[in-house]
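A short worksheet on the structure shown next.
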Ligand code: ADP
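Residue numbers (the numbering used here): 1 to 471.
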């Protein structure tokens, strides 16, 4: 009995240290907006890098021609071809090819990685059907979505600042990325030009904006997490004299690296961070994204098993980092069978812990709930932080003058993408609930989260079109 109490104690302690009251979330909102300011003021002014993208025009539907995209940034890479008719269409005709990245290529050499990608791309290009509209003197153009922090020199070139999400190819850091891909394409005999080098969140924003011009920001919550938004160039203090015809530029926040003392952090998070290949880095990402949620839950279960014998006999599986993937915690969390059969199955088959009593299975569901709810609510606070920075949170701070009640809140769309949001219903529900709590219902009803599908790739193709060298 005492041991059961100890396990319940672990849960209680977890609940307390993961607490995200609306007051706490508002502090995170403010911290996000403050850090955005700081990151725009100077390079290195904040943990938020607030990277310039040189994307100053977002697609609006008038784009025309056949374009390619390559999307590299997570567990898979995607190649895509899209045909644009010059008028906005709700369904974009396209072909996709998707492939997992072999684990060894994520930590090998850059040549090996890019040769592998260029080969797949070439195969895909050669499978294209109707090429009648491609004139012979015209190179095919590619939007390259590269979802790691990049210091951009132009819309089509940039150097890698650092790897995230389990990638670690040391010789790539500091090198120009589009050039690496173009070299590999040349080695493979593929004549194609990188017209736009973009972050996945920027691709999502481009696709969102193509469909709905009220789209002002994009958020990715998949294996990792990031966000970008449309900023006024005169607010980008660190690049004085930056001129764009639109007066705006997309800023890639690299929000995965956001940190604030207001973020609720547990011992498990601290351990996870210390054991990670990038300690003290990507702190927000480690609280929020799909790569990590499962492992936070696993660490809590490990702790519970140390406090009691209810998980005995303990298999060595439980001590293996990342063995409990986030889709598994989603499956346990969303198990609605009365006996929690799915939880039993996952504990048995994935962690090799047999015969966990029902009341313990219930406890584990609760652990999944606490960890996921915290992630979703913090993501919501991050989104409101962006809205606050651009004066779309209804507080009237920037529009000024009028009181909250008579201020007309403009329709505001945030493009959303990523498996954690689209695949995990409870995560999505908690995120929406927190948005409403933070903003209040009156304002929240004007904020629309719209899922973009394959936007990171599709948007890159659209940006290749809007930045084509064949006007
Ligand atoms: P990536 O971010 O790797 O490019 P996705 O956006 O599809 O690709 O996100 C995949 C990630 O989303 C997975 O690593 C996993 O963590 C999470 N995920 C996918 N499906 C689910 C699900 N059904 N429940 C919970 N998490 C999921």
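Glycine residues also receive a C-beta, built at the ideal position from the N, C-alpha and C atoms. From a predicted model like this one, the values you see are computed outputs, not experimental measurements.
*Leaving out five residues on either side along the sequence, give the residues of the same chain with a beta carbon under 6 Å from the beta carbon of residue 227.*
To locate residue 227, count along the chain shown from 1; it is residue 227. So the list reads 201, 219, 253, 255, once near-sequence residues are dropped.
_Following a CB-centred definition, is residue 458 positioned closer than 7 Å to any heavy atom of the ligand NAP?_
With respect to small molecules bound, the structure shown includes the ligand ADP and not the ligand NAP.
*Would residue 546 be called buried (16 or more neighbouring beta carbons within 10 Å of its own) or exposed?*
Examination of residue 546 is not possible in this model, given that the chain is present from 1 through 471 alone.
*Distance between residue 470 and residue 505 (C-alpha atoms, nearest Å)*: Residue 505 lies beyond the residue range present for the chain, which begins at 1 and ends at 471; the question has no answer from this structure.
_Quick check on the DSSP output: the beta strand (DSSP E) that includes residue 158 runs from which residue to which?_
Start at 1 with the first residue of the chain shown, and residue 158 comes out as number 158. Per DSSP, residue 158 belongs to the beta strand (DSSP E) from 157 to 160.
*Can you list the residues near the ligand ADP, meaning Cβ strictly closer than 5 Å to any non-hydrogen atom, in the order they appear in the chain?*
So the residues near the ligand ADP by this Cβ test are 74, 75, 222, 223, 290, 326, 327, 330, 418, 419, 420, 423, 424.
*Whole-angstrom distance between residue 283 and residue 305, CA atom to CA atom*: As a first step, residue 305 is located in the chain shown; it is residue number 305 there, counting from the start. As a first step, residue 283 is located in the chain shown; it is residue number 283 there, counting from the start. Cα to Cα, the separation comes out at about 27 Å.
*What residue range is occupied by the uninterrupted beta strand (DSSP E) comprising residue 176?*
The residue you call residue 176 lines up with position 176 of the chain shown. From DSSP, residue 176 is part of no beta strand (DSSP E); its letter is neither H nor E.
*Helix, strand or coil: which one does DSSP assign to residue 65?*
In the chain shown, the residue the question calls residue 65 occupies position 65. The three-state secondary structure of residue 65, taken from DSSP, is strand.
*On the DSSP bridge assignment, give the partners of residue 144 in chain order.*
Here residue 144 is taken as the residue at index 144 of the chain shown, counted from 1. DSSP lists 70, 197 as partners of residue 144.
*Find out if the Cβ-Cβ distance for the pair residue 18, residue 428 is shorter than 8 Å.*
Mapped onto the chain shown, residue 18 falls at position 18. Mapped onto the chain shown, residue 428 falls at position 428. Not in contact: residue 18 and residue 428 (Cβ atoms no closer than 8 Å).
*Assign residue 83 to one of three DSSP states: helix, strand, or coil.*
As a working note, residue 83 is residue 83 in the chain shown. Judged by DSSP in its simplified three-state form, residue 83 adopts strand.
*With DSSP run on the structure shown, which of helix, strand or coil describes residue 183?*
Sequence index remark: in the chain shown, residue 183 carries index 183 (1-based). Look at residue 183 here: in three-state DSSP terms it is helix.
*Using CA coordinates, which residue listed in 117, 86, 57 is at the minimum distance from residue 67?*
What you label residue 67 is simply residue 67 of the chain shown in a count that begins at 1. Ranking the options by Cα distance to residue 67, first place goes to 86.
*Return the bridge partner residues of residue 416 from the DSSP annotation.*
As a position in the chain shown, residue 416 is number 416, starting the count at 1. Note: residue 416 sits in a beta bridge opposite 219, 451.
*Given 8 Å as the limit, is there contact between the region 325 to 340 and the region 289 to 298, that is, 3 or more CB pairs closer than that?*
Judged by Cβ distances under 8 Å, the region 325 to 340 makes contact with the region 289 to 298, as three or more pairs qualify.
*Which residue or residues does DSSP assign as beta-bridge partners of residue 192?*
The count along the chain shown starts at 1 and reaches residue 192 at position 192. 140, per the DSSP bridge assignment.
*Rounded to whole angstroms, what's the CA-CA distance from residue 400 to residue 394? Just pull it up for me.*
For this step, residue 400 is matched to residue 400 along the chain shown. For this step, residue 394 is matched to residue 394 along the chain shown. For residue 400, the predicted model reports a pLDDT of 42, less than 50, meaning its position is unreliable and no value from the coordinates is stated.
*If you draw a straight line from the C-alpha of residue 234 to the C-alpha of residue 390, how long is it?*
Counted from its first residue, the chain shown places residue 234 at position 234. Counted from its first residue, the chain shown places residue 390 at position 390. So the two alpha carbons sit approximately 13 Å from each other.
*Use the C-beta contact count for residue 452: other C-beta atoms within 10 angstroms, 16 or more gives buried, fewer gives exposed.*
On the chain shown, position 452 is the one that residue 452 refers to. Buried, because 16 or more other Cβ atoms sit within 10 Å of the Cβ of residue 452.
_residue 307 to residue 269 span [Cα, whole Å]_ = For this step, residue 307 is matched to residue 307 along the chain shown. For this step, residue 269 is matched to residue 269 along the chain shown. Our two residues, residue 307 and residue 269, have alpha carbons roughly 19 Å apart in a direct line.
_CB contact flag (residue 460, residue 84, <8 Å)_ = Indexing the chain shown from 1 puts residue 460 at position 460. Indexing the chain shown from 1 puts residue 84 at position 84. Going by C-beta atoms, residue 460 is not nearer than 8 Å to residue 84.
*Give me the Cβ distance between residue 48 and residue 35, rounded to the nearest whole Å; I'm assuming they're in contact under 8 Å.*
Your numbering for residue 48 matches position 48 in the chain shown. Your numbering for residue 35 matches position 35 in the chain shown. Between residue 35 and residue 48 the Cβ distance is about 5 Å, and since that is below 8 Å, they are a contact.
*Identify the continuous beta strand (DSSP E) that holds residue 154 and give its terminal residues.*
By 1-based counting over the chain shown, the position of residue 154 is 154. For residue 154, the enclosing beta strand (DSSP E) covers residues 150 to 154.
*How would you write the range of the alpha helix (DSSP H) that residue 292 sits in, first residue to last?*
Counted from its first residue, the chain shown places residue 292 at position 292. Judged by DSSP secondary structure, residue 292 falls within the alpha helix (DSSP H) whose first and last residues are 290 to 307.
*Okay, do the region 307 to 316 and the region 350 to 358 touch, 3+ Cβ pairs below 8 Å being the bar?*
Yes, since at least three Cβ pairs between the region 307 to 316 and the region 350 to 358 fall closer than 8 Å, the two stretches touch.
*residue 197 versus residue 96: straight-line alpha-carbon distance, rounded*: Counted from its first residue, the chain shown places residue 197 at position 197. Counted from its first residue, the chain shown places residue 96 at position 96. Distance between the alpha carbons of residue 197 and residue 96: 19 Å.
*In angstroms with no decimal places, state the Cα-to-Cα distance between residue 193 and residue 139.*
Along the chain shown, one-based indexing puts residue 193 at 193. Along the chain shown, one-based indexing puts residue 139 at 139. Taking the straight line from one Cα to the other gives about 7 Å.
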